[in-house]
Structure formats: C-alpha cells, structure tokens
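Respectively, the protein sequence lines represent chains A and B.
Counting from 1, position 48 in the first sequence corresponds to residue 48 in the UniProt record's numbering; the numbering is continuous, with no gaps.
Counting from 1, position 24 in the second sequence corresponds to residue 24 in the UniProt record's numbering; the numbering is continuous, with no gaps.
Note that beta-carbon positions come from the ideal geometry of N, C-alpha and C, so glycine has one too.
For clarity, every value in this text was computed on a predicted model and none was experimentally measured.
Notes follow once the structure below has been shown.
There are 2 protein chains.
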Amino acid sequence: MASQRGEGETTATPLEPADRERARAIPEAAVARLAVYLRVLSGMADQGVTAVSSEELSQAAGVNAAKLRKDLSYIGSYGTRGVGYDVEVLVSHIERILGLTRNHSVAVVGIGNLGHALANYGGFPGRGFPVTALFDVDPDLIGIPVGGIPVNHIDEITAVCLEREVSIGVIATPPPAAQSVCDRLVSAGVQCILNFAPVVLQVPDNVEVRKVDLAVEMQILSFHVARRADEAASVSDGNGLGVDGMVIRP
Amino acid sequence: MASQRGEGETTATPLEPADRERARAIPEAAVARLAVYLRVLSGMADQGVTAVSSEELSQAAGVNAAKLRKDLSYIGSYGTRGVGYDVEVLVSHIERILGLTRNHSVAVVGIGNLGHALANYGGFPGRGFPVTALFDVDPDLIGIPVGGIPVNHIDEITAVCLEREVSIGVIATPPPAAQSVCDRLVSAGVQCILNFAPVVLQVPDNVEVRKVDLAVEMQILSFHVARRADEAASVSDGNGLGVDGMVIRP
DNA sequence: TCGACTTTGTGCGTGCGTTCACAAGCGGTA
DNA sequence: TACCGCTTGTGAACGCACGCACAAAGTCGA
Ligand SMILES: NC(=O)c1ccc[n+]([C@@H]2O[C@H](COP(=O)([O-])OP(=O)(O)OC[C@H]3O[C@@H](n4cnc5c(N)ncnc54)[C@H](O)[C@@H]3O)[C@@H](O)[C@H]2O)c1
Ligand SMILES: NC(=O)c1ccc[n+]([C@@H]2O[C@H](COP(=O)([O-])OP(=O)(O)OC[C@H]3O[C@@H](n4cnc5c(N)ncnc54)[C@H](O)[C@@H]3O)[C@@H](O)[C@H]2O)c1
Chain A
1 MASQRGEGET TATPLEPADR ERARAIPEAA VARLAVYLRV LSGMADQGVT AVSSEELSQA
61 AGVNAAKLRK DLSYIGSYGT RGVGYDVEVL VSHIERILGL TRNHSVAVVG IGNLGHALAN
121 YGGFPGRGFP VTALFDVDPD LIGIPVGGIP VNHIDEITAV CLEREVSIGV IATPPPAAQS
181 VCDRLVSAGV QCILNFAPVV LQVPDNVEVR KVDLAVEMQI LSFHVARRAD EAASVSDGNG
241 LGVDGMVIRP
Chain B
1 MASQRGEGET TATPLEPADR ERARAIPEAA VARLAVYLRV LSGMADQGVT AVSSEELSQA
61 AGVNAAKLRK DLSYIGSYGT RGVGYDVEVL VSHIERILGL TRNHSVAVVG IGNLGHALAN
121 YGGFPGRGFP VTALFDVDPD LIGIPVGGIP VNHIDEITAV CLEREVSIGV IATPPPAAQS
181 VCDRLVSAGV QCILNFAPVV LQVPDNVEVR KVDLAVEMQI LSFHVARRAD EAASVSDGNG
241 LGVDGMVIRP
C-alpha cells in the first residue's frame with residue numbers, strides 16, 4: 001500500500017494563509033473521515049485508478065456522498081464538475097491539510113504484548129509515522145531490538161525524544177504507570193499522545209491526547225447487543241436466545 | 001419504577017419496559033462515556049470509596065460535570081440531592097444498561113502480532129468479555145494454545161462460534177482478508193465486530209461494526225500538530241492574516 | 001458553437017449533543 | 001419542626017453536524 005511520499009513535493013510545505021484558516025475551521029469529525037478517504041484513495045491510486053466521483057468514493061469509504069463532498073470542500077475545491085476528482089490531486093491535498101507532508105517520529109513506551117505488536121507493525125512507517133524510539137523499565141528488555149529499534153530505559157526518555165525529534169508518544173504500559181509515563185513524555189516536549197492504557201490522563205492544554213480503549217469499544221458493542229435483544233424480546237416473546245433461525249440476509 | 005436495590009440479581013437481568021425505552025434513547029456518545037464512568041467508578045469501589053459527587057466523578061473521567069449528570073440521567077435517577085451518588089449503585093445500573101450483566105463471548109480472528117496481544121490480554125475476561133475462540137489460516141498456528149485457548153482453523157468458524165455462543169468477533173487479520181473474514185463471522189451469526197484492519201467493512205444493517213484504526217488516530221494527531229505549528233507561524237508572521245471574509249471561531 | 005448531461009459545491013432546514021442555569025429535593029442543624 | 005446549604009436532575013438555549021436538494025460549472029457529442 002503506501003502511496004509513496006517525498007516524491008515531488010518539498011519536504012516542509014507550509015500552508016497558505018487561506019488554507020490555514022480553513023484548517024482551523026475543519027470539524028474534528030471531518031478530520032477523522034479525511035484520514036479514511038486518504039487511505040481509500042491511496043488504495044485506488046495503487047490500483048491505477050486516476051479519477052473518482054464523490055459517489056464512488058463515498059461508497060468505498062462507507063459514508064454519505066453529500067457528507068463526503070462537504071468534507072472535501074473544507075480543504076478547498078479540487079473537483080471538476082461533471083467529472084469528479086483526480087485521485088492524486090486529492091491525495092496530495094488531504095496529506096497537506098493533515099500535516100503528512102512532514103514525517104512524525106513516534107515513540108512507544110511499554111514494550112509488552114501490545115508494545116511489541118506496535119513496534120513490529122509495518123503499517124506506520126509507510127504512512128509517514130516511523131517508530132524511532134522504544135522505552136521500558138524491564139532490565140531484560142533494555143538494549144534488545146524490537147522491530148529494528150533497540151529498547152531504551154524510560155529514564156532516557158527526555159534525551160532520546162529530543163534527539164530523535166519524537167512528536168507522537170504511544171503509551172502501552174500497565175494502567176498504574178500510564179499517568180507517570182504521560183508526564184515524562186510531556187516534559188520531554190511531546191505534545192501528542194496516543195494512549196492504550198485504560199486510564200483517563202491529565203495533561204496540560206497544549207497537549208493532545210487520543211485514547212484507544214478496547215474495553216470501552218466492547219462495552220459499546222455490548223450495549224447494542226442488549227438493546228437489540230430487548231427489542232426482539234418486546235416484539236416476540238420474552239426469549240431472545242438460543243433457537244432463533246439466523247435470519248440474516250443482506 | 002424499579003428503583004429498589006436489586007442486589008442478588010440473577011445473571012440475566014432483563015430491562016424493565018421503562019428502562020428499555022430509556023436505553024433506546026441514550027445518545028451513542030453518552031454510551032461511550034458511560035463505559036468510562038464505569039471504569040472510574042470500579043476503580044473507586046476497589047479503593048473503598050462508597051460515595052461520589054458529580055463534580056468529583058466528572059473530573060476523574062475528564063468531562064464536564066453537567067454532561068456527566070445528563071449522561072447519568074439517561075439511565076435513571078439514582079443520585080441523592082445534596083449528597084451525590086452511591087458508587088456501587090451507580091456501577092450496577094451502568095452495567096445493567098450496557099448489558100454487562102451477561103457475559104459476551106469473544107472470538108479473535110488472525111493470531112499474528114496483534115492477535116497474540118489480544119488473546120494474552122487479561123483485561124477482557126475480568127470485564128465480562130471472555131475470549132473463547134481464536135482463528136487463523138496459518139497451519140503452524142492451528143492447535144497451538146494462545147492465552148490458554150487453542151487456535152482453530154478459520155474454516156471451523158461457523159461451528160465453533162455457534163457452539164461457544166460468540167457474540168463479538170475481533171478482526172486482526174491483514175487488510176486483504178478482513179472483508180472475507182467479516183462475511184464469515186456474519187454468516188456464523190456474529191452481530192458485533194471490532195475491526196483492527198484498516199479497511200472499511202461492508203455489513204448488513206443488523207450487524208454493528210466498530211473500528212480501531214491506529215493510522216487514523218495518528219493522522220488526527222498529526223493534523224493538530226500541523227495546525228498548532230501554523231498557528232505559531234501566523235503569530236510571528238505578520239502578513240498571515242490578511243484574508244477577508246472567513247470568520248474564525250475563538 | 002451549442003445543448004444536454006453529469007457531478008460538484010453549498011445554502012438551508014433539521015435533529016442531535018452540549019452547556020448553562022436553576023428549581024427541586026435531601027441531609028444536617030438548631 | 002423549620003431553616004440552610006449543598007447537589008442533583010432537567011428545561012431550555014445554543015451550536016455543530018448531517019443530509020437534502022439544487023444551482024453552478026464543467027465535459028462531451030453533435
Ligand atoms: N494487550 C492487549 O491486547 C491490550 C488490550 C487493551 C488494552 N491494553 C492495555 O495496553 C497496555 C499494555 O498492555 P500489554 O498487554 O502490552 O501489557 P504488558 O504487561 O504485556 O506490557 C507492559 C509493559 O510495560 C512495561 N512497563 C511497566 N511500567 C513501565 C513504566 N513505568 N515505564 C515504561 N514501561 C513500563 C512493562 O515492563 C511491560 O513490558 C495496558 O495498559 C493494557 O491495559 C492491552
Ligand atoms: N500490529 C499492530 O500494531 C497493528 C497496528 C494497527 C493495525 N494493525 C492491523 O491489524 C491487523 C493485524 O496486524 P498484525 O500485525 O497482527 O498482522 P500479522 O501479519 O502479524 O498477523 C495476521 C495474522 O492473520 C492471519 N490471517 C491471514 N489471513 C487470514 C484469514 N483469511 N483468516 C484468518 N487469519 C488470517 C495470518 O496467518 C496472521 O497470523 C492488520 O490488518 C494490521 O493492519 C496492526
């Protein structure tokens with residue numbers, strides 16, 4: 001995958017003033033979808049597709065076509081009426097708005113089960129997020145390379161993060177250590193944090209945190225199971241389990 | 001109204017009709033937060049805290065106090081004015097609404113880097129989500145126990161899912177296999193899917209999909225880095241804001 | 001060159017979610 | 001018992017986001 005970057009563009013493309021104001025006004029929800037469009041578009045580009053309509057793209061991305069067009073309009077007018085969008089043009093503009101014209105160095109803290117998976121994962125470097133530093137407290141891990149990067153001791157976090165210009169920190173430690181690790185990342189100058197520990201992190205205003213909480217995801221799914229079961233129960237008899245004849249048809 | 005403390009409640013607590021209507025009306029966003037409150041409350045309960053005010057709880061959960069109270073009001077009125085909430089009471093009611101009074105059996109498909117981490121993770125069983133089935137296509141993996149569960153071949157997915165009453169399927173395969181795996185899960189009767197593959201899954205209406213997309217998370221972070229950098233640039237850069245029209249929100 | 005057709009970009013109504021602000025309700029106290 | 005201070009629960013206003021529907025704008029063929 002990975003439509004290669006660093007091709008024709010200058011390494012640090014600053015946004016035009018007009019784009020700057022645009023970027024400020026893009027709704028958070030739209031930003032998340034732009035990232036999805038970008039991936040779909042990259043896939044299309046890899047398959048040699050050069051043009052795409054909002055209808056096609058919206059279906060591939062699983063959203064409403066009007067919403068897609070509105071999302072794209074936040075970043076400018078790069079479509080051609082009557083025709084659609086040029087895939088490469090769209091890719092490059094979304095990348096520019098998302099700040100992907102520059103690489104973002106990633107540090108992973110906590111090289112356990114999850115940390116290993118993240119460090120070994122090949123999907124990030126190809127998308128402009130090279131993992132350049134790994135940290136842990138376990139003496140047995142220090143110095144061992146994981147995914148090609150040797151693990152550093154957490155105490156070296158400030159020096160290493162500064163040296164390697166880490167801009168995104170990933171927390172994959174046990175919950176009790178998460179806040180302390182977060183604090184250390186922040187004082188090392190990291191302003192973006194992706195948190196896997198099921199803990200609500202307290203950070204200063206200038207730091208952006210996103211959390212990935214699998215237990216929460218499952219509980220949301222559970223809620224929908226329950227709601228569905230109740231719906232079924234209130235329609236038919238009081239038994240939603242066991243013998244239903246699997247009536248799922250697309 | 002079922003307001004009495006129903007301790008000693010049986011494993012399958014059906015929702016009262018009144019609650020059923022409530023549950024249907026809970027905004028999706030609130031459900032996600034309820035799951036967070038639940039975890040914070042569980043932590044408090046473990047530390048012996050028995051009562052909590054909306055102010056305390058909201059700070060621990062990192063949300064606005066008014067929002068927290070509104071969220072809690074969706075599930076009923078279980079607080080005491082002038083005092084606050086009883087931690088255990090709140091825990092049990094949130095669990096009931098989220099459908100956590102019953103266990104949800106989980107199947108993981110794709111036992112690679114990520115699948116191993118998930119299968120080994122101890123955080124799910126403790127929260128009512130026992131992992132009871134693992135699937136892969138790799139012959140070397142079939143039969144090998146991971147986290148105590150032997151890996152089955154993907155071709156056995158229907159039989160095994162039915163037998164073990166799997167209600168949540170987790171997809172951790174490479175992207176090209178994801179849609180096909182999803183289809184097989186669906187035809188095995190699984191109606192809830194958690195997808196780690198960076199692919200937009202197509203599913204029938206009666207199936208609920210949630211996706212965890214790390215690349216998207218990082219790109220959102222990247223967007224904020226870029227926006228912040230531009231902001232800094234426009235402050236030091238005098239001519240940046242000559243553009244007309246566009247109104248910027250504070 | 002012109003007209004017909006296609007698809008974008010967006011103004012606008014609608015509905016959901018967030019926030020404010022305060023009355024209602026409860027426990028403690030005199 | 002009556003009062004006081006505290007916290008909940010919620011009505012109401014607001015703001016954002018979604019999606020419809022259509023004019024604008026371009027392409028293509030004749
Ligand atoms: N494994 C999963 O599938 C999964 C799923 C959901 C959530 N999580 C969460 O992700 C986090 C990591 O999970 P895991 O399964 O990889 O745990 P793990 O126990 O396998 O690994 C944790 C690692 O963090 C290291 N560590 C501990 N304290 C540290 C500190 N102060 N500084 C740096 N490193 C430290 C440990 O040495 C260990 O290597 C946990 O918070 C867990 O709740 C994991
Ligand atoms: N590892 C990470 O940290 C990470 C991060 C983000 C996203 N992801 C995504 O998660 C998914 C899994 O990542 P990974 O690193 O574990 O990959 P992996 O290659 O280590 O493991 C994939 C596993 O899936 C199995 N598999 C392949 N086709 C299958 C099929 N049709 N049915 C069942 N099993 C099949 C393979 O045998 C392999 O064991 C990928 O889609 C990846 O993009 C992973």
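- Where Pro175/A is concerned, the enclosing alpha helix (DSSP H) starts and stops at 175-187.
- Under the 7 Å criterion on CB atoms, Cys192/B is classed as interfacial with respect to chain A.
- Under the criterion of beta carbons closer than 8 Å, Ser105/A and Thr132/A qualify as touching, at roughly 5 Å.
- Using a CB distance below 8 Å, the part of the stretch 41-74 of chain A facing chain B consists of Ala60, Ala61, Gly62, ordered along the chain.
- Between ligand 2 and Leu38/A, a heavy atom-to-CB distance of less than 6 Å is absent.
- For Ala215/B, the secondary structure class from DSSP, reduced to helix, strand or coil, is helix.
- In this chain, Asn64/B is not harboured by any alpha helix (DSSP H), its DSSP state being neither H nor E.
- Burial check for Gln191/B: the Cβ neighbour count within 10 Å reaches 16 or more, so the residue is buried.
- For Asp140/B, the Cβ stays outside the 6 Å cut-off from all heavy atoms of ligand 2.
- At least one heavy atom of ligand 1 is found less than 6 Å from the C-beta of Gly123/B.
- Per DSSP, reduced to three states, the secondary structure at Gly79/B is strand.
- Across the stretch 143-162 of chain A, no CB contact with chain B closer than 9 Å is found for any residue.
- Short of 7 Å from the beta carbon of Arg69/A, and not among the five residues preceding or following it, lie these beta carbons of its own chain, in chain order: Ser54.
- The residues Phe135, Arg184, Ala188, in chain order, have a CB closer than 6 Å to that of Ile157/B in the same chain once the five nearest residues on each side in sequence are set aside.
- Excluding five sequence positions before and after Asn152/A, the CB atoms of its chain that fall closer than 6 Å to its own CB belong to Phe135, Val160, given in chain order.
- Interface criterion not met: the Cβ of Pro27/B is under 7 Å from no Cβ in chain A.
- The beta carbon of Val199/A sits closer than 7 Å to those of Pro175, Ala178, Gln179, all from its chain and outside the five residues before and after it, given in chain order.
- With respect to Glu208/B, His224/A sits close: the two C-beta atoms are nearer than 7 Å.
- Scanning chain B for C-beta atoms nearer than 8 Å to the C-beta of Gln179/A yields nothing, as the closest lies near 12 Å away.
- Per DSSP, the beta bridge partners of Asp136/A are His153/A.
- Close partners of Arg164/A in chain B (Cβ separation under 8 Å) are lacking, with about 16 Å as the shortest Cβ gap.
- For the C-beta of Val200/B, the chain A residues within less than 8 Å are, from N- to C-terminus, Val36, Val40, Ala60, Ala61, Gly62.
- According to DSSP, residue pairing for Glu208/B in a beta bridge involves Cys192/B.
- Contact of His104/A with chain B is assigned, a C-beta pair being separated by under 7 Å.
- One alpha carbon belongs to Asn120/A, the other to Leu114/B, and they sit about 10 Å apart.
- Under the Cβ criterion of 7 Å, Ser222/B is counted among the residues facing chain A.
- For Thr173/A, the distance from the CB to the nearest heavy atom of ligand 1 is below 6 Å.
- Bounds of the beta strand (DSSP E) holding Ala107/B are 105-109.
- The criterion of a C-beta distance shorter than 7 Å is satisfied by Thr173/B and Val181/B.
- The residue from Val83/A, Leu194/A, Leu98/A, Val63/A with its alpha-carbon nearest to that of Tyr74/A is Leu98/A.
- Closer than 7 Å to the CB of Glu95/B there is not a single CB belonging to chain A.
- At least one heavy atom of ligand 1 sits closer than 6 Å to the Cβ of Phe196/A.
- Taking C-alpha positions only, Leu100/A is separated from Phe124/A by approximately 12 Å.
- Spanning the alpha carbons of Ala107/B and Asn195/B requires a straight line of approximately 12 Å.
- Under the Cβ criterion of 7 Å, Gly126/B is not counted among the residues facing chain A.
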